[in-house]
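**Student:** Please see the structure below; I have some questions.
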Amino acid sequence: MSQQCIDPIVGKILAGWRYDISGLAPEMRGDYESHFLDCERCSGHRRVHRMIDVGLIGLASVSGAVFLLAFGVIRHFGPRHAFWLEVAALAGFALSALIWLVVAVATPAPVTVLDAAKEGARRVHDRLPQEIRERLPEELRVKITGT
C-alpha cells in the first residue's frame, strides 16, 4: 500500500523541486529538512531521485570512457574509413560529456556525492586514535568535522 505524505502541501512543493533543497539558504531549509526526517514517503522519493541523478552521471562517464577507448582502438588499428569512425567516436564522447555536464548542473548529484564523501571522511576521522587526530592540521579537522 502506498504511503501518504504527512504534509501534502510541503510534499507537493518538494516534488516540484524534485526533492532538491540544496540550493536553498540554510536558514530556509529547516522546515524542509525536518519534513524529510518525519515523512518516509518524501525521503524515499528524494533517495530515488538522487540515485537516478548519480546513476545518470555514472552512465555518462562510462559512455564517455567507452567512446574514448573506441577512438584509441581506431587510431591504433587504422581500419578503412578510419577518419569517419574517429569522428563518430569523438562525437559520441562529446555527447556523453554534454550529458554529464547537463546532469551535473541541473541536479544536486555532485552535492550528494560530496556529502557522502564528507560523511565517509568523518567516519574515518572518528575511528582514528586520538594522537593521530591531534596531528591533523586545524583546517583539515574543521573541514572533516564541521567544528
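Each residue of the sequence shown is one higher than the one before, counting from 98 in the numbering used here. We put the beta carbon where it would ideally sit given N, CA and C, even for glycine.
(1) Rounded to whole angstroms, how far is the Cβ of residue 150 from the Cβ of residue 206, which I believe are closer than 8 Å?
(2) How about residue 182 and residue 196: are their beta carbons less than 9 Å apart?
(3) Distance check for residue 147 and residue 212, CA to CA, integer angstroms please.
(4) Does the Cβ-Cβ distance between residue 168 and residue 187 come in under 9 Å?
(5) Quick check: what's the CA-CA separation for residue 140 versus residue 232?
(6) Given a cut-off of 9 Å, decide if residue 102 and residue 138 are closer than it, judged by their beta-carbon atoms.
(7) Should residue 133 go down as buried or exposed, given a rule of 16 or more other Cβ atoms within 10 Å for buried?
**Tutor:** Once the coordinates are examined:
(1) On the sequence shown, residue 150 is found 53 positions in, with the first residue counted as 1. On the sequence shown, residue 206 is found 109 positions in, with the first residue counted as 1. Indeed they touch by this definition, with Cβ atoms about 4 Å apart.
(2) The residue you call residue 182 lines up with position 85 of the sequence shown. The residue you call residue 196 lines up with position 99 of the sequence shown. No, the Cβ-Cβ distance between residue 182 and residue 196 is not below 9 Å.
(3) For the purposes of this step, residue 212 is taken as residue 115 along the sequence shown, with counting starting at 1. For the purposes of this step, residue 147 is taken as residue 50 along the sequence shown, with counting starting at 1. Using only the alpha carbons, I get a separation of about 12 Å.
(4) The residue given as residue 168 occupies position 71 in the sequence shown. The residue given as residue 187 occupies position 90 in the sequence shown. Yes. Within cutoff.
(5) Counted from its first residue, the sequence shown places residue 140 at position 43. Counted from its first residue, the sequence shown places residue 232 at position 135. Those two C-alpha atoms are separated by around 38 Å.
(6) Within the sequence shown, residue 138 is the residue found at index 41, counting from 1. Within the sequence shown, residue 102 is the residue found at index 5, counting from 1. In contact: residue 138 and residue 102 (Cβ atoms closer than 9 Å).
(7) Position 36 of the sequence shown holds residue 133. Residue environment for residue 133: buried (at least 16 other C-beta atoms within 10 angstroms of its C-beta).
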